[in-house]
Amino acid sequence: MIGEFLQDGEGDARQIAAETLAASPWEHEEFAHLIAWMRDYNRSHPQHKVHFMGDDISARKAGDRLFARVIDYMREAHPEALQRLDTL
Numbered sequence: 027m028i029g030e031f032l033q034d035g036e037g038d039a040r041q042i043a044a045e046t047l048a049a050s051p052w053e054h055e056e057f058a059h060l061i062a063w064m065r066d067y068n069r070s071h072p073q074h075k076v077h078f079m080g081d082d083i084s085a086r087k088a089g090d091r092l093f094a095r096v097i098d099y100m101r102e103a104h105p106e107a108l109q110r111l112d113t114l
């Protein structure tokens with residue numbers, strides 16, 4: 027959800043942070059400001075966009091969906107590393 031927000035800029039940084047990071051250690055106003063700054067940077071630097079990647083076990087809504095995206099990326103970009111990723 028945060029990654030999509032950074033790329034297309036739709037929505038509100040505070041709401042994205044609240045929905046994605048509720049009840050996690052990252053649910054702070056400063057993190058919402060960071061997300062907004064990253065989106066603004068991407069708008070100003072379309073050729074050098076930043077991305078948000080990560081998984082925090084305490085961010086309940088992020089886990090499975092995020093990990094599936096990592097696996098999909100690895101399958102396309104680095105298929106030789108998939109077996110090692112499965113062992114982690």
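The sequence shown begins at 27 in our numbering and counts up by one. We treat Cβ as the ideally placed atom computed from N, Cα and C, and that holds for glycine. Model, not experiment: these values are computed from the prediction.
Could you have a look at residue i and say whether DSSP puts it in helix, strand or coil?
i       : result
Asp-38  : coil
Met-79  : coil
Ser-50  : coil
Pro-105 : helix
Using 9 Å as the threshold, is the C-beta distance between residue i and residue j below it?
i       : j      : result
Ile-1   : Phe-93 : For the chain, the structure presents residues 27 to 114; residue 1 sits outside this window and is missing.
Leu-108 : Lys-75 : no
Arg-171 : Ala-58 : Nothing can be reported for residue 171: it is not among the residues displayed for the chain, which extend from 27 to 114.
Ala-44  : Glu-53 : yes
Cutting at 7 Å between CB atoms, please list the residues of its own chain near residue i, excluding the five before and the five after it.
i      : result
Ile-42 : Met-27, Ile-28, Phe-31 and Ile-61
For residue i, I'd like the list of residues in its chain whose CB is within less than 8 Å of its CB, leaving aside the five on either flank, ordered along the chain.
i       : result
Arg-101 : Leu-108
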